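Reviewing the structure listed below.
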Amino acid sequence: MSSADAVAGVLWIGVTAYAVFGGADFGAGFWSLLAGRGERGRRTRDLIDWAIGPIWEANHVWLIFVLVVLWTGFSAAFEAIFSTLFIPLSLAALGIVLRGAGFAFHHTARRINRRALAERLFGLSSLLTPFFLGTVVGAVASGRVPVGNATGDPVSSWLNPLSLVIGALFVATSAYVAAVFLVSDARRAGTPDLERYFTTRATAAALATGALAVAGIVALHADARYVYDGLTSDALPLVIVSALCGIGVLVLLHRRARHGARVLAVGAVTAVVWGWGVAQHPYLLPQSLTIDAAAAPSATLTAVLIVFGAAVVLVIPSLGLLYTLAQRSLIEEGERPRPQRSGG
Numbered sequence: 151m152s153s154a155d156a157v158a159g160v161l162w163i164g165v166t167a168y169a170v171f172g173g174a175d176f177g178a179g180f181w182s183l184l185a186g187r188g189e190r191g192r193r194t195r196d197l198i199d200w201a202i203g204p205i206w207e208a209n210h211v212w213l214i215f216v217l218v219v220l221w222t223g224f225s226a227a228f229e230a231i232f233s234t235l236f237i238p239l240s241l242a243a244l245g246i247v248l249r250g251a252g253f254a255f256h257h258t259a260r261r262i263n264r265r266a267l268a269e270r271l272f273g274l275s276s277l278l279t280p281f282f283l284g285t286v287v288g289a290v291a292s293g294r295v296p297v298g299n300a301t302g303d304p305v306s307s308w309l310n311p312l313s314l315v316i317g318a319l320f321v322a323t324s325a326y327v328a329a330v331f332l333v334s335d336a337r338r339a340g341t342p343d344l345e346r347y348f349t350t351r352a353t354a355a356a357l358a359t360g361a362l363a364v365a366g367i368v369a370l371h372a373d374a375r376y377v378y379d380g381l382t383s384d385a386l387p388l389v390i391v392s393a394l395c396g397i398g399v400l401v402l403l404h405r406r407a408r409h410g411a412r413v414l415a416v417g418a419v420t421a422v423v424w425g426w427g428v429a430q431h432p433y434l435l436p437q438s439l440t441i442d443a444a445a446a447p448s449a450t451l452t453a454v455l456i457v458f459g460a461a462v463v464l465v466i467p468s469l470g471l472l473y474t475l476a477q478r479s480l481i482e483e484g485e486r487p488r489p490q491r492s493g494g
């Protein structure tokens, strides 16, 4: 394996981590938006706040990591993607900013109407980022991002059926992962009614994700044949693993199993992300820019790998500790959502 392939693997590790942790984060905002009003809606939002409060900012470390590795290791791809797709990428960044503002302000707003406005801002902006990142992936897969500075069409490159389907798939996947995670969070919080609530929504999101995945395969066949051929050949085992993990999640949720659903949900997302990478290999921009052609000089790639090694030793254990403490309810224990008072 060349150093360029090794750095591409590092890049894909960051993409995978953001798809899982960032996706769950955005999906939580989706469910906050749909929680409704009244006591149930308030308790649902309280659970979401409690679950993501300690970690929501840390999840964007993965996005920064991906951007830095892409810019440093594969600047030609970075140039092409960010110049052609500046509109959806700007809207995705706007979603991150507005989402953070909404999440922060709805805790501090003193008036009910202002808090409600901040909550809606948090929920709506949680849809923007995964959707527009999905349109970027669709644009790249379909070959609408040519090599060079702003050489692609800034509108039709991402505003097309394939990109829109992939954008919707990203939103559905985020909602699915978040709902599965929140089932366990509701159990930890001692709220069995919310556990049932999110079990139902996880099932619905899984079915929606599956339907959109089928639609995405059809759209890929029509508009991104290279990636489609890769997914149905070399990457097919990973696609099958993803489907089996998804089915396993539904079985465990139906049986109300206490363990395993989160692991399988992560496995489903991880398998499909790496399946996409295998399908697209050896290209960063399918059939126009290979990994080797886009790679930085050898010294730069070596430096990226060294920095990644340092991150594995220093940063990843810190993030792991943060996630572990959050899951063991050792952070902000006093803010645990109140248990249910009825069976509704």
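Heads up: the sequence shown begins at 151 in my numbering, then just goes up one per residue. Glycine residues also receive a C-beta, built at the ideal position from the N, C-alpha and C atoms. If you're wondering where the values come from, they're calculated on a predicted model, not measured in any experiment.
### Query
Can you tell me whether A266 is buried or exposed, with buried defined as 16 or more other CB within 10 angstroms of its CB?
exposed
### Query
Can you tell which of A325, A352 and G366 has its C-alpha closest to the C-alpha of A174?
A325
#### Entry: Segment limits, alpha helix (DSSP H) that includes Y433
Counting along the chain, Y433 falls outside any alpha helix (DSSP H), though it belongs to the beta strand (DSSP E) covering Y433 to L435.
### Task
Go ahead and label L312 buried or exposed: buried means 16 or more other beta carbons lie within 10 angstroms of its beta carbon, across all protein chains shown.
buried
### Message
Which residue wins for smallest C-alpha separation from L357, given the options I397, A429 and V391?
### Response
I397
### Task
Give the DSSP bridge partners of T474, in chain order.
None; T474 has no bridge partner.
#### Entry: Contact check, L332 vs L197, beta carbons under 8 Å
yes
### Query
Helix, strand or coil for T440 per DSSP?
strand
### Query
Start and end of the alpha helix (DSSP H) containing D175?
G173 to L183
### Query
Which residue comes first and which comes last in the alpha helix (DSSP H) that contains E189?
G188 to I202
### Message
I need the DSSP call for N310, collapsed to helix, strand or coil.
### Response
coil
#### Entry: Simplified DSSP state of S448, which is helix, strand or coil
helix
### Message
Suppose the cutoff is 6 Å on Cβ atoms and the five residues either side in sequence are ignored; what does the same chain contact list for T166 look like?
### Response
T420 and V423
### Task
Identify, in the order they occur along the chain, each residue of the same chain with its Cβ nearer than 8 Å to the Cβ of L439, setting aside the five sequence neighbours on each side.
A226, A227, A230, V297 and Y433
### Message
Is there a C-beta anywhere in chain B that falls below 8 Å from the one on R351?
### Response
Included in the structure is just one protein chain, with no chain B present.
### Query
Exposed or buried, which one is P387 when buried takes at least 16 other CB atoms within 10 Å?
exposed
### Query
Is the distance from the Cβ of Y347 to the Cβ of Q437 below 8 Å?
no
### Task
Pull up the CB-CB distance for A322 and A369, whole angstroms please, since I reckon it's below 8 Å.
Actually they are not in contact, since the Cβ atoms of A322 and A369 sit about 14 Å apart, beyond 8 Å.
### Query
By how many angstroms is the C-alpha of T341 removed from the C-alpha of S492?
Confidence at S492 is low in this model, with a pLDDT of 41, below 50, so its placement is unreliable and no value can be given for it.
### Query
When we look at the beta-carbon of L464 and count the other beta-carbons within 10 Å, is it buried (16 or more) or exposed?
exposed
### Message
With distance defined between alpha-carbon atoms, name the residue in G159, A415 and V157 nearest to L403.
### Response
A415
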